[in-house]
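> Sharing a structure with you now.
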């Protein structure tokens with residue numbers, strides 16, 4: 006993801022903090038969300054020292070990172086750092102389910118339902134099922150979240166759950182934009198400089214991020 010971070014930093018221009026987190030199966034949920042919150046708290050406390058504006062703090066990520074970004078925004082809503090926005094790129098928002106037709110429609114484009122079930126099985130604690138602490142689409146209340154920019158890909162098994170989460174955010178009055186990109190597959194956001202559609206999507210996302218409103 007170094008290339009994505011560099012593109013966003015240059016195109017914004019933005020101060021980008023690239024975050025690592027503990028991985029499954031050695032580290033089960035919710036340790037990754039705790040790591041994301043720790044990174045947010047560090048960024049809020051140290052952004053100014055690096056030329057950033059702590060009043061315009063954005064959390065973002067793609068795929069599993071989009072899941073953690075969404076969960077971090079939910080967790081920070083009550084007592085965490087105040088966020089000015091959330092950038093969610095084809096985020097994982099739900100456990101694979103028949104309700105999401107994109108799992109059947111897009112199974113030939115790399116990421117599969119079986120693969121996603123395998124990831125979830127390694128991430129969830131033994132005996133645990135998906136809930137609002139791991140699947141943001143299952144959260145009961147999305148009001149009060151920071152403005153969101155959601156990117157979805159047409160030929161991606163995660164397409165429908167990303168769109169569904171964007172719809173929930175819109176109902177809560179906190180969706181700035183759903184950027185649905187036709188003719189793309191999961192992972193295309195990392196192809197900036199190689200695929201024009203990826204470069205243009207990165208530019209739109211960076212432009213949105215560079216213009217979020219500061220929070221009090």
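Residue numbers (our numbering): 6 to 221.
All C-beta atoms, glycine included, are put in the ideal place defined by N, C-alpha and C.
Computed from a prediction, not measured in an experiment: that's the story for all the values here.
(1) Across which residues does DSSP place residue 76 in a beta bridge pair?
(2) Please work out which residues of its chain come closer than 8 Å, Cβ to Cβ, to residue 68, disregarding the five sequence neighbours upstream and downstream, and give them in chain order.
(3) Taking residue 110 as the reference, which of 18, 127, 58, 161 has the closest Cα?
(4) Exposed or buried, residue 84, counting other C-beta atoms within 10 Å across all chains shown (16 or more means buried)?
(5) Where does residue 85 fall in DSSP's three states?
(6) Alpha carbon to alpha carbon, how far is residue 184 from residue 1? Give it in angstroms, no decimals.
(7) What does residue 64 pair with, by DSSP beta-bridge criteria?
(8) Thinking just about the alpha-carbon of each residue, which of 17, 213, 189 is nearest to the one in residue 203?
(9) Please name the residue in 132, 129, 127, 103 whose C-alpha comes closest to that of residue 118.
(10) Which two residues bound the contiguous alpha helix (DSSP H) that contains residue 176?
(11) Drop a sphere of 10 angstroms on the beta-carbon of residue 187, count the other beta-carbons inside from all chains shown, and report buried for 16 or more, exposed for fewer.
(12) What does DSSP give as the partner residue(s) for residue 158 in the beta ladder?
(13) Scan the region 99–136 and note each continuous alpha helix (DSSP H) run of 4 residues or more that stays entirely inside, going in chain order.
Taking the structure as given:
(1) DSSP output for residue 76 lists no bridge partner at all.
(2) Within the same chain, residue 68 has close Cβ partners 94, 95, 96, 97, 163, 191, 192.
(3) The residue with the shortest Cα to Cα distance from residue 110 is 161.
(4) It is exposed - the Cβ of residue 84 has fewer than 16 other Cβ atoms within 10 Å.
(5) In this structure, residue 85 counts as coil in the three-state DSSP scheme.
(6) Any property of residue 1 remains undetermined from this structure, which presents the chain solely from 6 to 221.
(7) Paired residue(s): 91.
(8) Among 17, 213, 189, the Cα nearest to that of residue 203 is on 189.
(9) Closest option to residue 118, Cα to Cα, is 103.
(10) Here the alpha helix (DSSP H) through residue 176 covers 164–176.
(11) By the C-beta density criterion, residue 187 is exposed, having fewer than 16 other C-beta atoms within 10 angstroms.
(12) Partner(s): 186.
(13) Whole alpha helix (DSSP H) segments, 4+ residues: 107–110, 118–128.
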